[in-house]
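What follows is a short report on a single structure.
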Amino acid sequence: MPSGSDAGKWFQKLYVDSPEDFSLRPYDLEQWDVMFFLTGICEMLLVDERAGMPRRVMRFIIPGDSRPGPDNAAVVIPSGVAHALRNTGNEDLIMVYGTSTTFNPAWEGRIESGVEKAPLPVDWQRYLGNSVQ
Numbered sequence: 000m001p002s003g004s005d006a007g008k009w010f011q012k013l014y015v016d017s018p019e020d021f022s023l024r025p026y027d028l029e030q031w032d033v034m035f036f037l038t039g040i041c042e043m044l045l046v047d048e049r050a051g052m053p054r055r056v057m058r059f060i061i062p063g064d065s066r067p068g069p070d071n072a073a074v075v076i077p078s079g080v081a082h083a084l085r086n087t088g089n090e091d092l093i094m095v096y097g098t099s100t101t102f103n104p105a106w107e108g109r110i111e112s113g114v115e116k117a118p119l120p121v122d123w124q125r126y127l128g129n130s131v132q
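According to numbering that gives the first Met the number 0, the sequence shown is numbered sequentially starting from 0.
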């Protein structure tokens, strides 16, 4: 909510007067995500970027439900928590994914940094002459 705004008037504008103007709504501060993995092994990275909270980084492995065990989990990610995931196994990573808002990829704040690539360790790259990454 913009500083100095009346909460009632602001929410009236967002959800009653202009419900289709999603540019007014802070998508990254509004949407919660939930993920559950059916197959594969997920490496997940979470970074708490919420205002007023200490910045924390969590990295963990979640096996899919096809690998029953104590580490199977659903993950609920509140708004303001950056997240990345990748498949670390040799089978497809299939997940059930839900959001608390209507999903629109154009609103996503994606960081495309090659996190999905999983390059070889530096020693192996050096040994192979950087021909394979």
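Just so it is clear, CB atoms sit at the ideal spot from N, CA and C, and this is done for glycine as well.
Whole-Å CB distance - residue i paired with residue j, under 8 Å assumed
i	j	result
residue 86	residue 40	7 Å
residue 80	residue 49	7 Å
Pair within 8 Å by beta-carbon distance, residue i and residue j
i	j	result
residue 73	residue 15	no
residue 84	residue 42	yes
residue 5	residue 38	no
residue 78	residue 31	yes
residue 47	residue 55	yes
residue 82	residue 28	no
Start and end residues, beta strand (DSSP E) containing residue i
i	result
residue 73	73-76
residue 58	56-62
Start and end residues, alpha helix (DSSP H) containing residue i
i	result
residue 33	Not the alpha helix (DSSP H): residue 33 falls in the beta strand (DSSP E), residues 32-38.
residue 7	6-11
residue 121	121-126
Residues that DSSP places opposite residue i in a beta bridge
i	result
residue 81	46
residue 86	41
residue 94	36
Residue-level contact to chain D via CB, residue i, 8 Å cutoff
i	result
residue 38	The structure shown contains no chain D; it is built from a single protein chain.
State whether the stretch 60-67 contacts the stretch 121-129, with contact taken as three or more CB pairs (one from each stretch) at a distance under 8 Å. The stretch 60-67, when compared against the stretch 121-129, does not touch it at the 8 Å Cβ threshold.
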